[in-house]
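For the sequence shown, the positions run 2 to 120 when my numbering is used. Read through the structure below, which is laid out as structure tokens, and then see the notes.
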Amino acid sequence: MPSKPKRPCSSPGCPNLTDGQYCEEHRVVERRRYDKYQRSKDINKKYGRAWKRIRDRYAQEHPLCEMCKEDGRLTPTDEVHHILPVSQGGTHDRNNLMSLCKSCHNKIHLELGDRQIRR
């Protein structure tokens with residue numbers, strides 16, 4: 002089966018062809034720029050590998066959205082939510098976690114007013 006043709010790098014003026022969005026040279030530059038302006042400096046302290054393991058284990062144990070389940074609907078879990086956000090002193094403790102589908106997670110954050118809708 003033939004592979005997909007390479008396309009030009011998305012960085013303005015770059016003549017290189019790539020399989021992804023950016024060539025190797027610009028991929029590193031764009032990642033640094035994204036991390037610098039889009040993520041807080043201590044993000045890996047709050048949400049590092051330990052959080053990923055906790056989140057995956059919790060989602061495996063709670064495969065259905067807890068809010069939908071209360072309403073009698075069976076919706077698979079997409080995200081694990083902190084009831085008290087880490088930014089406000091919450092922890093990764095099991096009693097501070099809740100498994101949710103994307104829709105319920107977005108509803109909670111819209112009510113809190115701390116995040117815009119992700120599509």
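Glycine included, each C-beta is placed from N, C-alpha and C at the ideal position.
ask   = Could you give the C-beta distance for residue 133 and residue 110, rounded to a whole number, given that I count them as a contact under 8 Å?
value = The requested residue 133 is not part of the displayed model; the chain covers only 2 to 120.
task = Express the C-alpha separation of residue 114 and residue 25 in angstroms, rounding to a whole number.
result = 38 Å
query = In angstroms, rounded to a whole number, what distance separates the CA positions of residue 14 and residue 33?
reply = 19 Å
task = Please report the Cβ distance between residue 1 and residue 77, rounded to the nearest whole angstrom; I am assuming they are in contact, meaning their Cβ atoms lie under 8 Å.
result = The structure shown does not extend to residue 1, since the chain is modelled only from 2 to 120, so the question has no answer here.
Close-in-space but distant-in-sequence residues of the same chain around residue 9 (CB under 8 Å, 5 per side omitted) = 15, 16, 17, 18 and 19
ask   = Could you give the uninterrupted runs of the beta strand (DSSP E) lying entirely in the stretch 15 to 40, keeping only those of 3 residues or more?
value = none
message = Please give the ranges of any alpha helix (DSSP H) in the stretch 45 to 112, keeping only runs that are unbroken, at least 4 residues long and fully inside the region.
response = 50 to 62 and 67 to 71
task = Taking all protein chains shown into account, decide if residue 100 is buried (16 or more other Cβ within 10 angstroms of its Cβ) or exposed.
result = buried
ask   = If residue 84 and residue 91 are in contact, beta carbons under 8 Å, what's the gap, nearest whole angstrom?
value = 7 Å
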